[in-house]
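Residue numbers (the numbering used here): 454 to 719. Reviewing the structure listed below.
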Ligand SMILES: C[S@@+](CC[C@H](N)C(=O)[O-])C[C@H]1O[C@@H](n2cnc3c(N)ncnc32)[C@H](O)[C@@H]1O
């Protein structure tokens, strides 16, 4: 079981949001355990102070190093600390690959800042690695912690049920997932691709693999990695060149130029 501790001034945000859907199931099935610690518990004054004005002036308040240090020491004493992360807009970017890597950890502690952030000396003292969930500034680290928890939980064995795997999702091996279709077969005049109804499993899988490459080329060419072979690209180009404009439209590939795809033919 993976143990995740979240140090936060708003434990309810974490406790409530982890109850739903597949993540809630992960917790109930004990694939994952999420516990919270409130830095206020580790204060020693009557007001339970966790922040103070920044030295040198400036906007907002800064979280005190001492309660955060005590929270970390408490977890360390119980041998519960594990990999220590401070959620920060200045951190290394989070992505699906890192989610998979973190899913292999047995214990993780996520520290959520609030206000203007935390005293730099706590970051230095703790040696926490800084993780950012994107180039924007949130009011606190809790949403970031939830993003980390949910995305890594998808890689835990058994988390998605028997027939699903996070390895079929977008971003795995640098490609996006193919478009998905369900009933009705015809929606507003757009008909789901014919091949999906042929019942030929191997052919469908082959076609899906090529469509994944084409969708990635159309939407996020920057993701494509060297793990995609020239042979796979040639196959995808061949499929694209045989598509009708209605098929391209239903797959969201209308704007992908033949010229672009023909480079894969060479
Ligand atoms: C208002 S922010 C502080 C931002 C800080 N003054 C700065 O400019 O770097 C408060 C807290 O939200 C969290 N946070 C904000 N944006 C984040 C992001 N993009 N990724 C992860 N955590 C973030 C951090 O824990 C941070 O301490």
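We treat Cβ as the ideally placed atom computed from N, Cα and C, and that holds for glycine.
Three-state secondary structure assigned by DSSP to residue i
i	result
residue 474	helix
residue 486	strand
residue 592	coil
residue 516	strand
residue 633	coil
residue 571	strand
residue 505	strand
residue 680	coil
residue 608	coil
residue 524	helix
residue 557	coil
residue 719	coil
residue 697	coil
residue 620	helix
residue 529	helix
One or two residues paired with residue i in a DSSP bridge
i	result
residue 537	562
residue 584	545
residue 643	640
residue 458	488, 562
Test item: CB-CB of residue i and residue j under 7 Å
i	j	result
residue 598	residue 459	yes
residue 521	residue 556	no
residue 528	residue 562	yes
residue 553	residue 608	yes
residue 709	residue 671	yes
residue 566	residue 594	yes
residue 688	residue 663	yes
residue 627	residue 678	yes
residue 667	residue 695	no
residue 489	residue 461	yes
residue 480	residue 612	no
residue 486	residue 454	yes
residue 643	residue 564	no
residue 753	residue 468	Only positions 454 to 719 of the chain appear in this structure, which leaves residue 753 out of reach.
Nearest-angstrom Cα separation, counted from residue j out to residue i
i	j	result
residue 500	residue 510	23 Å
residue 540	residue 512	20 Å
residue 654	residue 631	16 Å
residue 465	residue 477	15 Å
residue 525	residue 719	57 Å
residue 656	residue 635	19 Å
Beta-carbon separation (whole angstroms), residue i vs residue j, contact threshold 8 Å
i	j	result
residue 646	residue 700	6 Å
residue 417	residue 568	Outside the modelled stretch of the chain, which goes from 454 to 719, sits residue 417, for which no answer is possible.
residue 585	residue 550	That belief does not hold up - the Cβ atoms of residue 585 and residue 550 are roughly 15 Å apart, past 8 Å.
residue 575	residue 518	4 Å
residue 560	residue 535	3 Å
residue 471	residue 602	7 Å
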